[in-house]
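A quick write-up on the structure given underneath.
In our numbering, the protein residues as written are -7 to 574.
Dropping the structure here:
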């Protein structure tokens, strides 16, 4: 009996007190676990919101750094009301950075809230996961050192941050003070690369103009003037973060000042670039000027007729390439721009003329006076702008693989020129063969900068002959000496007779030689932490200014002024060294 009672007692269930006690203990444990779970969930949500805010800050900074450097760092207004801006300074002491306050640059992106003006859908605040984030951006000058600081501040309030929260990020965008500020070749806000620039060609081309001596209209002729534009050509390359190259030519043209219609003037242009949005390894191929008219343009009146005639058969070609295997020097030789499959940029232009241009005066009786005759050159004129990473004889002859050298070079041939020819006239002074005569000549200009550059050079051949009343004063085009007057060398007055009409000339001639400039370094010392530039400016090689009066029976019936400018060559090259970001 006693044994059965003990067995029954052993097999009995929990008592009510035991159950209640177990439930209490379970509730206590579950309550503790719930607090831990809720806290963990809150931490996860906070981390997610903080991560989102950080991502938004990173996004806006990356978008700023992808903008052109000059867009980001150029101010365009006054700072609006902002919780982090005071007296034109970003109060960085209020942010997590703890940096000293910095002077603010105000533009379309700074200060925020961030709204991209080019993207209407990019609104602020930004909603992510039912939480609204306000993104503010700032561009500031650091207290010391180069470059600019970019700051992004993100604010938000949520259930897990009822009192609000702020996250800030900062980065630096940099460019040397003297470089990397052009949108075309430094489109990204990033450390500067070596900058090379070269351009060469005709300087202002050349021209023949006819206009009134006094007043707005020609005396004795209907209209206000005529002109001839002589051939022009130019080539250029610029290299930094991206490469751009271009070349253009224009043939001789002639026209009446008051009308848009011109004879001649055919144009060919070639341009390339290596911007990431464009086609890689561009090469324009050879482009040629189209055929063109060469009709004479004229003005008539009681004094007779004035006419300008362009060349009848000018033609030009251009080519530009990012990686050029067909770079042609002004002498017609091939330039090696760099190692195989690592060639550099080159732009070339060339133009030739198959006949001359002229300005003539025809009397009412049919006598013809050759006022200006511009002969055709015997060879083409060429220009090149190139980036050479290989040495070439006569062009960046010290260059080597690496940064390389920018070369700008041009060569120009001109035909013989006669102003005031006596052909067809009577009363010609003895030994007189023209008021001004200019030899056919050749001119060269070259400028180089970069690693392996040599000194700039310029040459010109030929002479000009100016009538002095009894003979000719000879002027060397390579260095004529000092003119006797500020206006140049005077032309002795001459009157030529064409039937019943007399043409009276007077004027002066100016011959100009170029100036060549270079940085203070020697040709064998590379640029270090500086900008270097070489320039040859040979514009207006020969300029003739005439005043022409036409009379008959001793009475003046017409007059005009004409100017002949034979143009010249220009070449310039620039180089800026790499300057590392701080």
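Every residue, glycine too, gets a C-beta built ideally from N, C-alpha and C.
Since the structure is predicted, the reported quantities are computational estimates derived from the model, not experimental observations.
**Asked** Start and end of the beta strand (DSSP E) containing residue 494?
**Response** In the chain shown, the residue the question calls residue 494 occupies position 502. 493 to 503 is the extent of the beta strand (DSSP E) around residue 494.
**Item:** residue 378 classed as buried or exposed, judged by whether at least 16 other C-beta atoms fall within 10 angstroms
**Value:** Along the chain shown, one-based indexing puts residue 378 at 386. The residue is buried, with at least 16 neighbouring Cβ atoms inside 10 Å.
**Candidates 338, 341, 368 and 384, of which the one nearest residue 349 by Cα** = As a working note, residue 349 is residue 357 in the chain shown. Looking at the Cα atoms, 368 is the closest of the given residues.
**Request:** Would you kindly report the start and end of the unbroken beta strand (DSSP E) that includes residue 211?
**Result:** Along the chain shown, read from residue 1 onward, the residue named residue 211 stands at position 219. Premise fails: residue 211 is in no beta strand (DSSP E) and is neither H nor E.
**Message:** Which residue marks the beginning of the beta strand (DSSP E) containing residue 304, and which one marks its end?
**Reply:** In the chain shown, the residue the question calls residue 304 occupies position 312. It is not in any beta strand (DSSP E) - residue 304 carries neither H nor E in the DSSP assignment.
**Prompt:** How do the region 201 to 211 and the region 551 to 565 stand: do at least 3 beta-carbon pairs fall below 8 Å, yes or no?
**Reply:** yes
**Asked** Who are the near neighbours of residue 391 in its chain, counting only those whose CB is closer than 7 Å to its CB and skipping five residues on each side?
**Response** Stepping through the chain shown from its first residue, residue 391 is reached at position 399. Around residue 391: 380, 381, 382, 383, 397, 443 and 444.
**Request:** Taking all protein chains shown into account, decide if residue 493 is buried (16 or more other Cβ within 10 angstroms of its Cβ) or exposed.
**Result:** Start at 1 with the first residue of the chain shown, and residue 493 comes out as number 501. By the 10 Å Cβ count, residue 493 comes out buried.
**Asked** Touch check for the region 414 to 434 and the region 333 to 348: three-plus C-beta pairs under 8 Å?
**Response** no
**Asked** Over what stretch of residues does the beta strand (DSSP E) that includes residue 482 continue unbroken?
**Response** Along the chain shown, read from residue 1 onward, the residue named residue 482 stands at position 490. Residue 482 -> beta strand (DSSP E) spans 481 to 490.
**Request:** May I ask you to report which of helix, strand or coil DSSP gives residue 57?
**Result:** Here residue 57 corresponds to residue number 65 of the chain shown, with the count starting at 1. Residue 57: helix per DSSP, three-state reduction.
**Prompt:** Nearest-angstrom Cα distance between residue 446 and residue 231?
**Reply:** On the chain shown, position 454 is the one that residue 446 refers to. On the chain shown, position 239 is the one that residue 231 refers to. Distance between the alpha carbons of residue 446 and residue 231 is about 19 Å.
**Presumed contact (8 Å Cβ cut-off) between residue 499 and residue 539, rounded CB distance** = Residue 499 sits at position 507 when you count from the first residue of the chain shown. Residue 539 sits at position 547 when you count from the first residue of the chain shown. Indeed they touch by this definition, with Cβ atoms about 6 Å apart.
**Message:** Tell me the residue span of the beta strand (DSSP E) that contains residue 556.
**Reply:** Sequence index remark: in the chain shown, residue 556 carries index 564 (1-based). Counting along the chain, the beta strand (DSSP E) containing residue 556 begins and ends at 547 to 557.
**Message:** Is it buried or exposed, residue 227, if we count other Cβ atoms within 10 angstroms and call 16 or more buried?
**Reply:** Taking the first residue of the chain shown as position 1, residue 227 is located at position 235. By the 10 Å Cβ count, residue 227 comes out buried.
**Segment contact, 8 Å Cβ cut-off, at least three pairs: the region 39 to 51 with the region 151 to 158** = yes
**Request:** In the DSSP assignment, find the beta strand (DSSP E) that holds residue 267 and state where it starts and stops.
**Result:** As a position in the chain shown, residue 267 is number 275, starting the count at 1. No beta strand (DSSP E) contains residue 267, which DSSP labels as neither H nor E.
**Request:** Under 8 Å by Cβ, that's how I've got residue 53 and residue 188 pegged, so tell me the actual separation to the nearest angstrom.
**Result:** Here residue 53 is taken as the residue at index 61 of the chain shown, counted from 1. Here residue 188 is taken as the residue at index 196 of the chain shown, counted from 1. So it is not a contact: roughly 30 Å between Cβ atoms.
**Request:** For residue 82, write down the residues that DSSP places opposite it in a beta bridge.
**Result:** As a first step, residue 82 is located in the chain shown; it is residue number 90 there, counting from the start. Per DSSP, 77 and 94.
**Message:** Rounding to the nearest angstrom, what Cα-Cα distance links residue 76 and residue 26 in this structure?
**Reply:** Locating residue 76 in the chain shown gives position 84, where the first residue counts as 1. Locating residue 26 in the chain shown gives position 34, where the first residue counts as 1. Cα to Cα, residue 76 sits roughly 40 Å from residue 26.
**Message:** the ligand SAM and residue 211: does the residue's C-beta get closer than 7 Å to at least one heavy atom of that ligand?
**Reply:** With respect to small molecules bound, the structure shown includes none, and the ligand SAM cannot be examined in it.
**Prompt:** Between residue 256 and residue 303, is the Cβ-Cβ spacing less than 8 Å?
**Reply:** Looking up residue 256 in the chain shown gives position 264. Looking up residue 303 in the chain shown gives position 311. In this structure, residue 303 lies closer than 8 Å to residue 256 by Cβ.
**Request:** Check the DSSP bridge columns for residue 219 and list the partner residues they point to.
**Result:** Here residue 219 corresponds to residue number 227 of the chain shown, with the count starting at 1. BP columns for residue 219 point to 201 and 247.
**Asked** Hey, is the region 522 to 530 in contact with the region 472 to 487, meaning 3+ C-beta pairs nearer than 8 Å?
**Response** no
**Item:** CA nearest to the CA of residue 329, picked from 399, 504 and 374
**Value:** Translated into positions along the chain shown, residue 329 becomes position 337. Selected option, being the one with the closest Cα: 399.
**Request:** Could you tell me how far apart the beta carbons of residue 195 and residue 557 are, in whole angstroms, since I believe they sit closer than 8 Å?
**Result:** Numbered from 1 along the chain shown, position 203 holds the residue referred to as residue 195. Numbered from 1 along the chain shown, position 565 holds the residue referred to as residue 557. Their Cβ separation, rounded to whole angstroms, is 10 Å, which puts residue 195 and residue 557 out of contact at 8 Å.
**Asked** Since residue 271 contacts residue 289 with CB under 8 Å, what's their CB separation in whole angstroms?
**Response** Numbered from 1 along the chain shown, position 279 holds the residue referred to as residue 271. Numbered from 1 along the chain shown, position 297 holds the residue referred to as residue 289. Actually they do not touch by this definition, with Cβ atoms about 41 Å apart.
**Message:** Within 10 Å of its beta-carbon, does residue 19 have 16 or more other beta-carbons around it, so buried, or fewer, so exposed?
**Reply:** Here the question's residue 19 lines up with position 27 in the chain shown. Exposed: under 16 other Cβ atoms inside 10 Å.
**Asked** Roughly how many angstroms separate the alpha carbons of residue 535 and residue 360, rounded to a whole number?
**Response** Looking up residue 535 in the chain shown gives position 543. Looking up residue 360 in the chain shown gives position 368. Roughly 24 Å between the two C-alpha positions.
**Request:** Assuming residue 402 and residue 192 form a contact by the criterion Cβ under 8 Å, report the distance between their Cβ atoms to the nearest whole angstrom.
**Result:** Residue numbering aside, residue 402 sits at position 410 when the chain shown is read from its first letter. Residue numbering aside, residue 192 sits at position 200 when the chain shown is read from its first letter. Contact holds; Cβ gap of about 4 Å.
**Request:** Kindly give me the distance between the Cβ atoms of residue 225 and residue 375, rounded to whole angstroms, as I take these residues to be in contact under 8 Å.
**Result:** Here residue 225 refers to the residue found at position 233 of the chain shown. Here residue 375 refers to the residue found at position 383 of the chain shown. With a Cβ gap of about 5 Å, residue 225 and residue 375 count as contacting.
**Item:** Backbone secondary structure at residue 37 - three-state DSSP
**Value:** For the purposes of this step, residue 37 is taken as residue 45 along the chain shown, with counting starting at 1. Of the three classes helix, strand and coil, the one that applies to residue 37 here is helix, per DSSP.
**Prompt:** Secondary structure at residue 327, three-state DSSP: helix, strand or coil?
**Reply:** Stepping through the chain shown from its first residue, residue 327 is reached at position 335. The answer is strand: DSSP assigns residue 327 an E or B state.
**Asked** What residues are listed by DSSP as bridge partners for residue 566?
**Response** Reading the chain shown from its first residue, position 574 is the one you call residue 566. Per DSSP, 189 and 525.
**Request:** Rounded to whole angstroms, what's the CA-CA distance from residue 10 to residue 36? Just pull it up for me.
**Result:** For the purposes of this step, residue 10 is taken as the residue at position 18 of the chain shown. For the purposes of this step, residue 36 is taken as the residue at position 44 of the chain shown. Each residue's Cα considered, the two are about 39 Å apart.
**Asked** What are the partner residues of residue 319, as DSSP defines its beta bridges?
**Response** Working through the chain shown from its first residue, we reach residue 319 at position 327. Paired residues: 327.
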